[in-house]
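K.L.:
Read in this note's numbering, the sequence shown has 156 at position 151, and its numbers run on one by one without any break.
Questions regarding the structure given below will be posed in turn.
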Amino acid sequence: MTQPTAGWYPDPSDPSRQRYFDGKTWTENYAPFPAPPPGIGQPAKPGMSRGLKIGLGVGAAVLALVAIGNIGGNEKSAETRSSSTSPSSSFSESSTSTVTSASDDDAPAPAGSTVRDGKFEFQVLGVERGATSIDDAFGPEVAKGEFFTVRLRVTNIGDDARSFSATNQKLIINGNEYEATSIMDDGWMEDINPGLGIEASATFDIPPGAVPSAIECHDSMFSGGALLAL
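Okay, here's the thing in C-alpha coordinates:
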(Lines of atoms letter the chains of each structure in order from A and count residues from 1; the text may use other names and numbers.)
(Lines give C-alpha, C1' and ligand atoms only; values in the text may rest on other atoms or scores of the structure.)
Protein backbone atom coordinates (compact mmCIF):
# COMPACT_ATOMS: atom_id res chain seq x y z
CA MET A 1 0.00 0.00 0.00
CA THR A 2 1.39 3.39 -1.04
CA GLN A 3 1.76 5.93 1.75
CA PRO A 4 0.13 9.34 0.92
CA THR A 5 2.56 12.17 0.49
CA ALA A 6 2.60 15.07 2.88
CA GLY A 7 0.02 17.81 2.20
CA TRP A 8 -3.37 19.19 2.99
CA TYR A 9 -6.26 16.78 2.97
CA PRO A 10 -9.82 16.70 4.21
CA ASP A 11 -9.83 15.98 7.91
CA PRO A 12 -11.11 12.41 8.44
CA SER A 13 -13.10 13.61 11.43
CA ASP A 14 -14.50 16.74 9.67
CA PRO A 15 -14.26 16.55 5.89
CA SER A 16 -15.37 20.22 5.67
CA ARG A 17 -11.92 21.28 6.95
CA GLN A 18 -8.43 20.86 5.55
CA ARG A 19 -5.84 19.20 7.84
CA TYR A 20 -2.14 18.79 7.23
CA PHE A 21 -0.78 15.22 6.84
CA ASP A 22 3.04 15.07 7.25
CA GLY A 23 3.36 11.82 5.36
CA LYS A 24 3.10 9.71 8.49
CA THR A 25 0.48 11.11 10.82
CA TRP A 26 -2.16 13.81 10.94
CA THR A 27 -0.91 16.99 12.56
CA GLU A 28 -2.88 19.57 14.51
CA ASN A 29 -2.50 22.09 11.74
CA TYR A 30 -5.82 23.04 10.23
CA ALA A 31 -6.39 25.31 7.28
CA PRO A 32 -8.35 28.48 8.18
CA PHE A 33 -12.00 28.69 7.22
CA PRO A 34 -12.40 30.29 3.78
CA ALA A 35 -13.82 33.86 3.66
CA PRO A 36 -17.56 33.96 3.00
CA PRO A 37 -18.44 34.75 -0.61
CA PRO A 38 -19.91 38.15 -1.43
CA GLY A 39 -23.52 38.48 -0.40
CA ILE A 40 -23.10 36.21 2.64
CA GLY A 41 -23.13 37.99 5.96
CA GLN A 42 -24.79 41.39 6.37
CA PRO A 43 -27.40 41.98 3.68
CA ALA A 44 -26.59 44.72 1.18
CA LYS A 45 -28.38 48.02 1.70
CA PRO A 46 -31.23 48.37 -0.73
CA GLY A 47 -30.73 51.08 -3.38
CA MET A 48 -33.31 53.70 -4.44
CA SER A 49 -35.84 52.47 -6.92
CA ARG A 50 -36.07 54.04 -10.37
CA GLY A 51 -39.45 55.57 -9.53
CA LEU A 52 -38.10 57.18 -6.36
CA LYS A 53 -35.15 58.67 -8.25
CA ILE A 54 -37.50 60.14 -10.88
CA GLY A 55 -39.77 61.58 -8.18
CA LEU A 56 -36.87 63.24 -6.38
CA GLY A 57 -35.59 64.71 -9.66
CA VAL A 58 -38.99 66.20 -10.52
CA GLY A 59 -39.31 67.67 -7.02
CA ALA A 60 -35.92 69.35 -7.28
CA ALA A 61 -36.84 70.86 -10.66
CA VAL A 62 -40.11 72.28 -9.25
CA LEU A 63 -38.29 73.85 -6.30
CA ALA A 64 -35.79 75.46 -8.69
CA LEU A 65 -38.61 76.97 -10.80
CA VAL A 66 -40.35 78.34 -7.69
CA ALA A 67 -37.11 79.97 -6.54
CA ILE A 68 -36.57 81.58 -9.95
CA GLY A 69 -40.16 82.85 -9.99
CA ASN A 70 -39.76 84.42 -6.55
CA ILE A 71 -36.60 86.22 -7.66
CA GLY A 72 -38.35 87.57 -10.78
CA GLY A 73 -41.37 88.65 -8.74
CA ASN A 74 -39.21 90.51 -6.25
CA GLU A 75 -37.41 92.35 -9.06
CA LYS A 76 -40.72 93.30 -10.70
CA SER A 77 -42.11 94.54 -7.37
CA ALA A 78 -39.02 96.67 -6.85
CA GLU A 79 -39.41 98.17 -10.34
CA THR A 80 -43.10 98.89 -9.70
CA ARG A 81 -42.35 100.63 -6.40
CA SER A 82 -39.63 102.67 -8.07
CA SER A 83 -41.85 103.78 -10.95
CA SER A 84 -44.78 104.62 -8.65
CA THR A 85 -42.65 106.84 -6.39
CA SER A 86 -40.75 108.62 -9.17
CA PRO A 87 -42.53 111.76 -10.46
CA SER A 88 -42.72 112.00 -14.24
CA SER A 89 -41.13 114.91 -16.00
CA SER A 90 -44.27 115.53 -18.07
CA PHE A 91 -46.31 116.12 -14.89
CA SER A 92 -43.79 118.65 -13.59
CA GLU A 93 -43.80 120.52 -16.88
CA SER A 94 -47.59 120.66 -17.17
CA SER A 95 -48.00 121.84 -13.57
CA THR A 96 -45.90 124.96 -14.25
CA SER A 97 -47.35 125.78 -17.69
CA THR A 98 -49.66 128.78 -18.15
CA VAL A 99 -51.41 127.11 -21.09
CA THR A 100 -54.18 124.64 -20.31
CA SER A 101 -55.49 122.09 -22.83
CA ALA A 102 -58.77 120.22 -23.03
CA SER A 103 -57.14 117.15 -21.45
CA ASP A 104 -56.41 118.96 -18.13
CA ASP A 105 -58.62 118.59 -15.06
CA ASP A 106 -62.00 120.31 -14.63
CA ALA A 107 -60.62 123.30 -12.72
CA PRO A 108 -60.69 126.39 -14.98
CA ALA A 109 -57.44 128.11 -15.93
CA PRO A 110 -56.86 131.44 -14.14
CA ALA A 111 -58.43 134.56 -15.59
CA GLY A 112 -56.11 136.30 -18.03
CA SER A 113 -54.27 133.11 -19.01
CA THR A 114 -54.70 131.15 -22.23
CA VAL A 115 -56.14 127.71 -22.86
CA ARG A 116 -55.95 125.39 -25.84
CA ASP A 117 -58.59 123.14 -27.31
CA GLY A 118 -57.84 121.33 -30.54
CA LYS A 119 -56.00 123.73 -32.87
CA PHE A 120 -57.24 126.96 -31.23
CA GLU A 121 -55.78 128.98 -28.36
CA PHE A 122 -58.20 131.18 -26.38
CA GLN A 123 -57.82 134.21 -24.14
CA VAL A 124 -60.57 136.28 -22.51
CA LEU A 125 -60.22 140.00 -23.29
CA GLY A 126 -63.24 141.22 -21.32
CA VAL A 127 -66.95 140.79 -20.56
CA GLU A 128 -70.12 142.89 -20.94
CA ARG A 129 -73.51 142.34 -19.33
CA GLY A 130 -76.89 143.90 -18.71
CA ALA A 131 -78.21 144.43 -22.22
CA THR A 132 -81.65 143.03 -22.93
CA SER A 133 -81.60 143.70 -26.66
CA ILE A 134 -78.80 143.55 -29.24
CA ASP A 135 -78.95 144.45 -32.92
CA ASP A 136 -77.45 142.01 -35.40
CA ALA A 137 -77.56 141.68 -39.20
CA PHE A 138 -81.20 140.57 -39.12
CA GLY A 139 -82.53 143.09 -36.61
CA PRO A 140 -82.79 143.33 -32.82
CA GLU A 141 -82.36 140.21 -30.69
CA VAL A 142 -84.29 140.35 -27.40
CA ALA A 143 -83.04 138.43 -24.34
CA LYS A 144 -85.29 136.27 -22.23
CA GLY A 145 -83.16 137.29 -19.26
CA GLU A 146 -80.14 139.47 -19.98
CA PHE A 147 -77.24 139.17 -22.39
CA PHE A 148 -73.73 138.37 -21.18
CA THR A 149 -70.99 138.83 -23.80
CA VAL A 150 -67.45 137.44 -23.56
CA ARG A 151 -64.76 139.03 -25.75
CA LEU A 152 -62.18 136.46 -26.88
CA ARG A 153 -58.84 136.37 -28.61
CA VAL A 154 -58.75 133.21 -30.76
CA THR A 155 -55.47 132.06 -32.37
CA ASN A 156 -54.98 129.21 -34.84
CA ILE A 157 -52.02 127.15 -33.55
CA GLY A 158 -52.45 124.41 -36.15
CA ASP A 159 -51.04 123.88 -39.64
CA ASP A 160 -54.26 124.44 -41.62
CA ALA A 161 -56.92 127.11 -41.84
CA ARG A 162 -59.83 126.47 -39.47
CA SER A 163 -63.27 127.95 -38.93
CA PHE A 164 -64.15 129.52 -35.58
CA SER A 165 -67.79 129.61 -34.49
CA ALA A 166 -68.97 131.60 -31.47
CA THR A 167 -71.95 129.27 -31.07
CA ASN A 168 -69.62 126.40 -30.09
CA GLN A 169 -68.65 128.20 -26.86
CA LYS A 170 -70.40 127.55 -23.53
CA LEU A 171 -70.82 129.66 -20.38
CA ILE A 172 -70.64 128.05 -16.92
CA ILE A 173 -72.91 129.32 -14.12
CA ASN A 174 -73.11 127.30 -10.87
CA GLY A 175 -72.00 124.20 -12.77
CA ASN A 176 -74.67 124.62 -15.46
CA GLU A 177 -73.82 125.08 -19.15
CA TYR A 178 -75.39 127.87 -21.22
CA GLU A 179 -75.35 127.80 -25.02
CA ALA A 180 -74.24 130.85 -27.00
CA THR A 181 -76.84 132.72 -29.03
CA SER A 182 -76.58 133.03 -32.80
CA ILE A 183 -76.17 136.82 -32.85
CA MET A 184 -74.24 137.62 -36.02
CA ASP A 185 -71.61 140.22 -35.10
CA ASP A 186 -67.90 140.56 -35.87
CA GLY A 187 -66.12 137.26 -35.43
CA TRP A 188 -69.35 135.27 -34.99
CA MET A 189 -68.03 132.79 -37.59
CA GLU A 190 -64.71 133.28 -39.31
CA ASP A 191 -61.89 131.32 -40.96
CA ILE A 192 -58.48 131.71 -39.30
CA ASN A 193 -55.21 130.88 -41.08
CA PRO A 194 -52.32 129.14 -39.22
CA GLY A 195 -50.47 131.45 -36.84
CA LEU A 196 -53.12 134.19 -37.03
CA GLY A 197 -55.75 135.27 -34.54
CA ILE A 198 -59.00 137.22 -34.35
CA GLU A 199 -61.07 139.01 -31.75
CA ALA A 200 -64.52 137.49 -31.45
CA SER A 201 -67.58 137.73 -29.20
CA ALA A 202 -69.69 134.96 -27.70
CA THR A 203 -73.03 136.18 -26.33
CA PHE A 204 -75.24 134.25 -23.89
CA ASP A 205 -78.81 134.75 -22.67
CA ILE A 206 -78.67 134.22 -18.86
CA PRO A 207 -80.91 134.88 -15.84
CA PRO A 208 -80.68 138.48 -14.60
CA GLY A 209 -78.04 138.86 -11.89
CA ALA A 210 -76.51 135.41 -12.51
CA VAL A 211 -72.72 135.33 -12.02
CA PRO A 212 -70.82 133.27 -14.63
CA SER A 213 -67.64 131.63 -13.34
CA ALA A 214 -65.98 130.42 -16.54
CA ILE A 215 -66.28 129.98 -20.26
CA GLU A 216 -65.76 126.58 -21.88
CA CYS A 217 -63.79 127.21 -25.07
CA HIS A 218 -64.21 124.85 -28.01
CA ASP A 219 -62.26 124.29 -31.22
CA SER A 220 -65.40 122.72 -32.70
CA MET A 221 -68.78 121.46 -31.58
CA PHE A 222 -67.30 117.98 -31.06
CA SER A 223 -64.12 118.94 -29.16
CA GLY A 224 -63.57 118.33 -25.44
CA GLY A 225 -63.40 122.01 -24.47
CA ALA A 226 -61.12 123.91 -22.07
CA LEU A 227 -62.30 125.98 -19.09
CA LEU A 228 -61.10 129.56 -18.64
CA ALA A 229 -62.06 131.59 -15.58
CA LEU A 230 -63.72 134.98 -16.11
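Virtual Cβ for every residue (Gly too), placed ideally from N, Cα, C.
Measure the C-alpha to C-alpha separation of S138 and L232 and round it to an integer number of angstroms.
P.N.:
Going from the Cα of S138 to the Cα of L232 covers about 27 Å.
K.L.:
Tell me, please, which residues DSSP counts as bridged to K175.
P.N.:
In the DSSP output, where bridge partners are listed per residue, K175 has E184 and E221.
K.L.:
Whole angstroms is fine: what's the gap from K149's alpha carbon to S187's?
P.N.:
If I take the Cα positions, the gap works out to 14 Å.
K.L.:
Kindly list the residues whose CB is nearer than 6 Å to the CB of E133, restricted to its own chain and excluding five residues on each side of it in sequence; keep chain order.
P.N.:
Cβ within range, chain order: T154.
K.L.:
What residue range is occupied by the uninterrupted beta strand (DSSP E) comprising S170?
P.N.:
Looking at the DSSP string, the run of the beta strand (DSSP E) that includes S170 is R167 to S170.
K.L.:
What is the rounded straight-line gap between the Cα of P15 and the Cα of K29?
P.N.:
Roughly 15 Å between the two C-alpha positions.
K.L.:
Taking just the CA atoms, how far does I203 sit from D141?
P.N.:
Roughly 19 Å between the two C-alpha positions.
K.L.:
Exposed or buried, which one is T208 when buried takes at least 16 other CB atoms within 10 Å?
P.N.:
Buried, since its Cβ has 16 or more Cβ neighbours within 10 Å.
K.L.:
Helix, strand or coil, according to DSSP, for D27 in the structure here?
P.N.:
In this structure, D27 counts as coil in the three-state DSSP scheme.
K.L.:
Please report the distance separating the alpha-carbon of E126 from that of T160.
P.N.:
Cα-Cα distance, rounded: 5 Å.
K.L.:
Suppose the cutoff is 8 Å on Cβ atoms and the five residues either side in sequence are ignored; what does the same chain contact list for E195 look like?
P.N.:
Only S168, F169, I203 and A205 meet the Cβ criterion.
K.L.:
Can you tell which of D164, G180 and W193 has the C-alpha that lies nearest to the C-alpha of P113?
P.N.:
Checked all of D164, G180 and W193; the closest Cα to P113 is G180.
K.L.:
Under a three-way DSSP split, which group does W13 fall into?
P.N.:
Correct three-state label for W13: strand.
K.L.:
Going by other Cβ atoms of all chains shown within 10 Å of its Cβ, with 16 needed for buried, is W193 buried or exposed?
P.N.:
Burial call: buried.
K.L.:
If you compare alpha carbons, which of T32, D210 and I177 is closest to A11?
P.N.:
Out of T32, D210 and I177, T32 has the C-alpha closest to the C-alpha of A11.
K.L.:
Taking Cβ to Cβ, would you say Q128 is nearer than 7 Å to R158?
P.N.:
Closer than 7 Å, so yes.
K.L.:
Around the Cβ of A185, are there at least 16 other Cβ atoms within 10 angstroms (buried) or fewer (exposed)?
P.N.:
Buried is the call here.
K.L.:
Could you check if R22 is buried or exposed, using at least 16 other CB atoms within 10 Å of its CB as the buried criterion?
P.N.:
When all chains shown are included, R22 counts as exposed.
K.L.:
Alpha carbon to alpha carbon, what distance is there between P145 and S117?
P.N.:
Sequence check: residue 117 is Gly here, not Ser. Cα-Cα distance, rounded: 31 Å.
K.L.:
To the nearest angstrom, report how far apart Y35 and P9 are at their CA atoms.
P.N.:
Their Cα atoms are separated by approximately 18 Å.
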